[in-house]
Structure formats: structure tokens, C-alpha cells
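Trainee: My questions will all concern the structure given below.
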Amino acid sequence: MSKRNTPQRRHNILALLNELGEVSVDDLAKRFETSEVTIRKDLAALETNGLLLRRYGGAVPLPHELISESSQPVSRYKQAIARAAVS
């Protein structure tokens, strides 16, 4: 896929993740015929947008307790961790 297909590739990564429950950088690179570096960048962007969690060598879906209708589901979670760490 070319650079202009990045959104489509990321959409397909999310679809695979939801279907399989876990994806690896190596498998995704082979499936999309692109470099592992490109896949890592895709996973980083998806994680930044709160759509998945990166793990060593791949990614997993967000835990259900982190998914909400809020536009910042991870921010509340991070705030709770910060409050617990301070106390």
C-alpha cells in the first residue's frame, strides 16, 4: 500500500485486531506487504488516538473499562492512576 492508503491500512489493522484479538508487527508487515517500521508507526498512531494498546511486538484491543463514549477515554484513566500515585 502506498502512503495515500495509510488510512485504509490502519482501518484494516483495527478490523483484524477486533477479529483476532491480538496482532503482531511481523504478521501485519507480511499481510500488508510493508515494512515493520511502517506498521509500528501505524500502531503508534492508533494508540495515540485511543484505538488500541501496543504490546511488545504487536497490539491488543483496549480493555472494556477504558472504552467509553467520551472523546478522551484514556485521560480519565491516567488521571485516576495519577491520583492513586500521589496518595
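Residues 223 to 309 (our numbering) make up the sequence shown, in order. Yeah, the Cβ is synthetic: ideal placement off N, Cα and C, and Gly gets one too. From a predicted model like this one, the values you see are computed outputs, not experimental measurements.
#1: Going by DSSP, name the residue or residues bridged to residue 281.
#2: What is the C-beta distance between residue 264 and residue 298, in whole angstroms, given that I count them as a contact (C-beta under 8 angstroms)?
#3: Determine the extent of the alpha helix (DSSP H) in which residue 262 is found, giving its start and end residues.
#4: Quick one: measure Cβ to Cβ for residue 282 and residue 262, integer angstroms, because I've assumed they're closer than 8 angstroms.
#5: Apart from the five residues just before and just after residue 267, which ones in its own chain have a Cβ nearer than 8 angstroms to its Cβ?
Mentor: The relevant details are as follows:
#1: Taking the first residue of the sequence shown as 1, we reach residue 281 at position 59. Partner(s): 245, 276.
#2: For the purposes of this step, residue 264 is taken as the residue at position 42 of the sequence shown. For the purposes of this step, residue 298 is taken as the residue at position 76 of the sequence shown. Not confirmed; about 25 angstroms, so no contact.
#3: Residue numbering aside, residue 262 sits at position 40 when the sequence shown is read from its first letter. If you look at residue 262, you'll find it in the alpha helix (DSSP H) that goes 258 to 270.
#4: Sequence index remark: in the sequence shown, residue 282 carries index 60 (1-based). Sequence index remark: in the sequence shown, residue 262 carries index 40 (1-based). With a Cβ gap of about 15 angstroms, residue 282 and residue 262 do not count as contacting.
#5: Residue 267 sits at position 45 when you count from the first residue of the sequence shown. Correct list, in chain order: 232.
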